[in-house]
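S.K.: Please find one structure pasted underneath; my questions will follow.
There are 2 protein chains.
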Amino acid sequence: MLQISQRGQEMPASPIRKLVPYAEAAKKAGTKVFHLNIGQPDIETPPSILDAVRKADIPVLEYSHSAGNESYRRKLVSYYKSVGINVTYDQIIITTGGSEAIMFGFFCCLNPGDEVIIPEPFYANYNGFAVEAGVKVVPIPSKIETGFALPPIADFEKVITPATKAIIVCSPNNPTGYLYSRQEMEDLKTICLNHNLYLFSDEAYREFSYSGDYISAMHLSGMDEQVVLMDTISKRYSACGARLGAFVTKNKAVYNAAMKFAQARLSPPGLAQIMGEAAVDLPASYFDKPKAEYIARRDLLVKRLNAMPGVFCPNPGGAFYAMAKLPIADSDHFCQWLLESFSHNGQTVMLAPATGFYGTPGLGKDEVRLAYVLNLKDLSDAMDCLEKALEEYPGRTLAAETGLAVENRQSAIGNVQ
Amino acid sequence: MLQISQRGQEMPASPIRKLVPYAEAAKKAGTKVFHLNIGQPDIETPPSILDAVRKADIPVLEYSHSAGNESYRRKLVSYYKSVGINVTYDQIIITTGGSEAIMFGFFCCLNPGDEVIIPEPFYANYNGFAVEAGVKVVPIPSKIETGFALPPIADFEKVITPATKAIIVCSPNNPTGYLYSRQEMEDLKTICLNHNLYLFSDEAYREFSYSGDYISAMHLSGMDEQVVLMDTISKRYSACGARLGAFVTKNKAVYNAAMKFAQARLSPPGLAQIMGEAAVDLPASYFDKPKAEYIARRDLLVKRLNAMPGVFCPNPGGAFYAMAKLPIADSDHFCQWLLESFSHNGQTVMLAPATGFYGTPGLGKDEVRLAYVLNLKDLSDAMDCLEKALEEYPGRTLAAETGLAVENRQSAIGNVQ
Numbered sequence: 001m002l003q004i005s006q007r008g009q010e011m012p013a014s015p016i017r018k019l020v021p022y023a024e025a026a027k028k029a030g031t032k033v034f035h036l037n038i039g040q041p042d043i044e045t046p047p048s049i050l051d052a053v054r055k056a057d058i059p060v061l062e063y064s065h066s067a068g069n070e071s072y073r074r075k076l077v078s079y080y081k082s083v084g085i086n087v088t089y090d091q092i093i094i095t096t097g098g099s100e101a102i103m104f105g106f107f108c109c110l111n112p113g114d115e116v117i118i119p120e121p122f123y124a125n126y127n128g129f130a131v132e133a134g135v136k137v138v139p140i141p142s143k144i145e146t147g148f149a150l151p152p153i154a155d156f157e158k159v160i161t162p163a164t165k166a167i168i169v170c171s172p173n174n175p176t177g178y179l180y181s182r183q184e185m186e187d188l189k190t191i192c193l194n195h196n197l198y199l200f201s202d203e204a205y206r207e208f209s210y211s212g213d214y215i216s217a218m219h220l221s222g223m224d225e226q227v228v229l230m231d232t233i234s235k236r237y238s239a240c241g242a243r244l245g246a247f248v249t250k251n252k253a254v255y256n257a258a259m260k261f262a263q264a265r266l267s268p269p270g271l272a273q274i275m276g277e278a279a280v281d282l283p284a285s286y287f288d289k290p291k292a293e294y295i296a297r298r299d300l301l302v303k304r305l306n307a308m309p310g311v312f313c314p315n316p317g318g319a320f321y322a323m324a325k326l327p328i329a330d331s332d333h334f335c336q337w338l339l340e341s342f343s344h345n346g347q348t349v350m351l352a353p354a355t356g357f358y359g360t361p362g363l364g365k366d367e368v369r370l371a372y373v374l375n376l377k378d379l380s381d382a383m384d385c386l387e388k389a390l391e392e393y394p395g396r397t398l399a400a401e402t403g404l405a406v407e408n409r410q411s412a413i414g415n416v417q
Numbered sequence: 001m002l003q004i005s006q007r008g009q010e011m012p013a014s015p016i017r018k019l020v021p022y023a024e025a026a027k028k029a030g031t032k033v034f035h036l037n038i039g040q041p042d043i044e045t046p047p048s049i050l051d052a053v054r055k056a057d058i059p060v061l062e063y064s065h066s067a068g069n070e071s072y073r074r075k076l077v078s079y080y081k082s083v084g085i086n087v088t089y090d091q092i093i094i095t096t097g098g099s100e101a102i103m104f105g106f107f108c109c110l111n112p113g114d115e116v117i118i119p120e121p122f123y124a125n126y127n128g129f130a131v132e133a134g135v136k137v138v139p140i141p142s143k144i145e146t147g148f149a150l151p152p153i154a155d156f157e158k159v160i161t162p163a164t165k166a167i168i169v170c171s172p173n174n175p176t177g178y179l180y181s182r183q184e185m186e187d188l189k190t191i192c193l194n195h196n197l198y199l200f201s202d203e204a205y206r207e208f209s210y211s212g213d214y215i216s217a218m219h220l221s222g223m224d225e226q227v228v229l230m231d232t233i234s235k236r237y238s239a240c241g242a243r244l245g246a247f248v249t250k251n252k253a254v255y256n257a258a259m260k261f262a263q264a265r266l267s268p269p270g271l272a273q274i275m276g277e278a279a280v281d282l283p284a285s286y287f288d289k290p291k292a293e294y295i296a297r298r299d300l301l302v303k304r305l306n307a308m309p310g311v312f313c314p315n316p317g318g319a320f321y322a323m324a325k326l327p328i329a330d331s332d333h334f335c336q337w338l339l340e341s342f343s344h345n346g347q348t349v350m351l352a353p354a355t356g357f358y359g360t361p362g363l364g365k366d367e368v369r370l371a372y373v374l375n376l377k378d379l380s381d382a383m384d385c386l387e388k389a390l391e392e393y394p395g396r397t398l399a400a401e402t403g404l405a406v407e408n409r410q411s412a413i414g415n416v417q
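For the protein sequence lines, the chains are W and H, in the order given.
Note that our numbering numbers the first sequence so that position 145 is 145, with each residue one more than the last.
Note that our numbering numbers the second sequence so that position 316 is 316, with each residue one more than the last.
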């Protein structure tokens, strides 16, 4: 009898997708499901970047350079410059989505058994890449009461061991929507320099910063050796299916190692690179519309959620996610119940249980993540569903009904950092 | 001082690409370089599959299913049926090139420290995926004298240990062009069943079988648990840059494990999947023209090579590669010399030193791989260069000049299996 590998056994199933069969069953039964569970934006992919592919003359769709087409990398230099990041084209490797950039970081910088610290809740797929690389994720909790601000430096110091090699930060954050301040990024710098750690910076949501200036890890001075930027066009241009990202570092040894991994898989997707190159030519004003749209959605979502008895949702400063504390004891059960046993006017809502975003067992059981990737009308209908559902849900907790102290709630709701 | 990982250090640089700087210098100096060093076909990508992308209505380029679009997987079922492979759509995961399919196989089936046997010479990037997965490659030599036929079962038995978990086979073969016979595939089956091993079958060159019927590992009966098929559209439709492949297995546990790896990276490239789906609609006759072209090139190449004093090239049964034994002692030096110090009528030729395709140190030093991916005129000019170069090369070995015994050479040249 053949065995699958240890890694194959340990690899986590996607926590976001495990409810999919229940959603499919609900749809088959005629219920409309509002998908707030996954970060797939409904914003139109800019037609001009798809037109660039349509118009391209491609007699032979050849392998590109393993680091990506030089013309695209050179254009990305100007894009990065526009967001205050100064890099050269030979500090960039084009990747297959942000996913591959994360994977390159894990494989080039970390040995099996090494530890990587991640403020939780965090993007669940970091767990998958950690299992692939044999790396241990060490979570440190950020708290909904503070809107998921960076945990204090002392909390990092407590868990740093000789095996600690890196910190992962994602700002604006998935799943919390939190936007790290300049001071918080400087705190991360202090920790990394003091303890000789890499700083992996996942900046997928850079363009969607609402409550202040976005600070890139690449904006930090004296961190050229430490910073590995993991980037993607997926959210920036609503082009998740293109699978196009970038691995950016000024650390020459890390870059050279990543190039060897890039060569082993030959090249990143060719047609997507044409899209990416065209995207750099979009006017800076392109982002005005999607950004305004996301802000309007966020405002509606946060207002509606906080008006529901026992619900608390801090105001996210970026991205298109919000985390909410609900008067429930088991978010996995609640999210399944929404699909299996509930409907309101023939509609229901699909949410992501927050448990999948925490590394510490037991955390997130009364929280859910909501991706505001639907238009205002649908989002409002989805909130009607959730409000009604919380009234009807048999597992509603009375204790939670009082929620946080009112003054705490008000200050966190108003927290615009 | 930050360190890169052990894997990052051990990861091999691409042996095919290491001569690139010399080629670039030659071109800058005005020399025309015939590229026989890399498997990038010059055959036109079928315009209809690119048109399918051009015509597609894509308001939002969304993530596809992690296993790839169901519509594409269902169409692939009919494609596989046309080549005698019976699989269902839920035994297929669409991958980012054949590269990712190979990676999924290594990660899902093998633990760090496990051993995988590969007849050498072999596709050099298997080494890279092995380092990523912490797996040990155990090469067993196949010989140019037999045209690189499968080594005898006894040679496999000699190197099998408790750590042996898989055999990789590639037919038609890169780099040798060898096409495995039904008997050889049955021999592999015997070994895998007797020793409880996975059979990883890289079938990138399926359509380019010239000397007999191509036998897929999926054609073998009683091997459903063992076989993992690694596939790609790169060579089939001259679409290397699309980065589209497939991981196919009837082993449910392996499939389920691979799905978790697929979910971690979200989805395969979206535009490429449109191409892949359209490609299934190409008429079976589509392959007639490229196949005839490759056969004509092979015939020219093999004839020209064997007419050169001291050169021996067995007749490849498939793919678009040939291995040749040259009257030289150091193929790395010779290939560099061709670019650095030689030209004939302002032209030279770039070859791949065979050393990069062997796992056993010292093997392949008098061999090169030639990819016949150029038209007949260019190929002929490239052979003129090589012929002249071998006359002029200061490192030419006299000993090799007599070559193999004439009767051996004739029988191997005529070997059409």
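The beta carbon of each residue, even a glycine, is placed where N, CA and C say it ideally should be.
May I ask you to list the residues that DSSP assigns as paired with W:His-344?
M.R.: W:Gln-347
S.K.: How would you call W:Met-1, buried or exposed, if buried means at least 16 neighbouring beta carbons within 10 angstroms?
M.R.: Around the beta carbon of W:Met-1, fewer than 16 other beta carbons sit within 10 angstroms, so the residue counts as exposed.
S.K.: Hey, W:Ser-331 and W:Ala-296 are a contact pair by Cβ (cut 8 Å); roughly how many whole angstroms apart?
M.R.: About 27 Å separates the Cβ atoms of W:Ser-331 and W:Ala-296, ruling out a contact at the 8 Å cut-off.
S.K.: DSSP has H:Leu-199 in a bridge; who is on the other side?
M.R.: H:Ile-167 and H:Val-227
S.K.: Have a look at H:Val-169 and W:Asp-187 and give me their C-alpha separation to the nearest angstrom.
M.R.: 52 Å
S.K.: Quick one: Cα of W:Val-135 to Cα of H:Lys-388, how far?
M.R.: Going by the C-alpha atoms only, they are around 54 Å apart.
S.K.: Measuring alpha carbon to alpha carbon, tell me which of H:Glu-392, H:Gly-359, H:Ala-13 and H:Thr-397 ends up nearest H:Val-140.
M.R.: The residue you asked about is not Val; residue 140 of chain H is Ile in the sequence shown. Measuring from the Cα of H:Ile-140, the nearest candidate turns out to be H:Gly-359.
S.K.: Give the list of continuous alpha helix (DSSP H) stretches no shorter than 4 residues that lie fully inside the region 247–307 of chain W.
M.R.: As far as the region 247–307 of chain W is concerned, its whole alpha helix (DSSP H) runs of at least 4 residues are 252–264, 270–279 and 288–306.
S.K.: Can at least three beta-carbon pairs, one atom from the region 237–253 of chain W and one from the region 262–272 of chain W, be found at a separation below 8 Å?
M.R.: yes
S.K.: Between H:Tyr-89 and chain W, is the shortest Cβ-Cβ distance under 8 Å, so that the two count as touching?
M.R.: Answer no: the Cβ-Cβ gap between H:Tyr-89 and chain W never drops below 8 Å.
S.K.: By Cβ distance, which residues of its chain are closer than 8 Å to H:Ser-380, with the 5 residues on each side in sequence left out?
M.R.: Leu-300 and Arg-304
S.K.: Does the beta carbon of W:Met-11 come closer than 8 Å to any beta carbon on chain H?
M.R.: yes
S.K.: Do H:Glu-182 and H:Ile-233 have their CB atoms nearer than 8 Å?
M.R.: Reading the sequence as shown, one finds Arg at residue 182 of chain H and not Glu. Taking 8 Å as the Cβ cut-off, H:Arg-182 and H:Ile-233 do not qualify as a contacting pair.
S.K.: Would you call the CB atoms of W:Ile-93 and W:Ala-262 closer than 8 Å?
M.R.: yes
S.K.: Go through its chain and collect everything with a Cβ distance to W:Ala-329's Cβ below 7 Å, but skip five positions before and after it.
M.R.: Lys-365, Asp-366, Gly-395 and Thr-397
S.K.: Can you name, in chain order, every residue of its own chain whose Cβ lies under 8 Å from the Cβ of H:Thr-249, other than the five neighbours on each side?
M.R.: Gln-91, Val-227, Val-228, Leu-229, Tyr-255 and Ala-258
S.K.: Buried or exposed: W:Ser-142, going by 16 or more other Cβ atoms within 10 Å of its Cβ?
M.R.: buried
S.K.: Is there a Cβ from chain H that is less than 8 Å from the Cβ of W:Gln-336?
M.R.: no
S.K.: Interface residues of chain W around H:Val-254 at Cβ under 9 Å?
M.R.: Leu-2, Ile-4 and Gly-8
S.K.: Could you give the residue range of the alpha helix (DSSP H) that holds H:Ile-118?
M.R.: Not the alpha helix (DSSP H): H:Ile-118 falls in the beta strand (DSSP E), residues 115–120.
S.K.: What is the rounded straight-line gap between the Cα of W:Phe-312 and the Cα of H:Gly-222?
M.R.: If I take the Cα positions, the gap works out to 58 Å.
S.K.: Grab me the residues of W:Leu-179's own chain with a C-beta within less than 7 Å of its C-beta, minus the 5 sequence neighbours each way, in chain order.
M.R.: Ser-171, Pro-172, Ser-209, Ser-211, Gly-212, Tyr-214, Gly-317, Gly-318 and Gln-417
S.K.: From what residue to what residue does the beta strand (DSSP E) around W:Ile-94 run?
M.R.: 92–95
S.K.: What are the residues of the region 79–111 of chain H that lie near chain W, defined by any Cβ-Cβ distance shorter than 8 Å?
M.R.: Thr-96, Gly-97, Ser-99, Glu-100, Met-103, Phe-107, Cys-108, Cys-109, Leu-110 and Asn-111
S.K.: Does the distance from the C-beta atom of H:Pro-418 to that of H:Gly-68 stay below 8 Å?
M.R.: Residue 418 of chain H lies beyond the residue range present for chain H, which begins at 1 and ends at 417; the question has no answer from this structure.
S.K.: For the region 282–297 of chain H against the region 125–135 of chain H, do three or more pairs of beta-carbon atoms, one drawn from each stretch, fall closer than 8 Å, so that the two count as touching?
M.R.: no
S.K.: Have a look at W:Glu-24 and W:Pro-12 and give me their C-alpha separation to the nearest angstrom.
M.R.: 22 Å
S.K.: Which runs of the alpha helix (DSSP H) fall wholly inside the region 28–66 of chain W and span at least 4 residues, in chain order?
M.R.: 47–55
S.K.: Between which residues of its own chain and H:Thr-31 is the CB-CB distance below 7 Å, once the five residues before and five after are set aside?
M.R.: Ser-343, Gly-346, Gln-347 and Thr-348
S.K.: Out of curiosity, what's the CA-to-CA distance linking W:Val-368 and W:Ala-324?
M.R.: In this model, W:Val-368 and W:Ala-324 are separated by some 6 Å (Cα to Cα).
S.K.: Name the two residues that bound the continuous alpha helix (DSSP H) containing H:Ile-153.
M.R.: 153–159
S.K.: So what does H:Phe-312 bridge to, in DSSP terms?
M.R.: H:Lys-325
S.K.: Given a cut-off of 8 Å, decide if H:Gly-310 and H:Val-283 are closer than it, judged by their beta-carbon atoms.
M.R.: Note on residue identity: the sequence assigns Pro, not Val, to residue 283 of chain H. Contact flag unset, no.
S.K.: What three-state label does DSSP hand W:Pro-21 in the structure shown?
M.R.: helix
S.K.: In three-state terms, what does DSSP make of W:Val-368?
M.R.: strand
S.K.: Would you please verify whether the beta carbon of H:Glu-132 is less than 8 Å from any beta carbon of chain W?
M.R.: For H:Glu-132, a Cβ of chain W is located within less than 8 Å of the residue's own Cβ.
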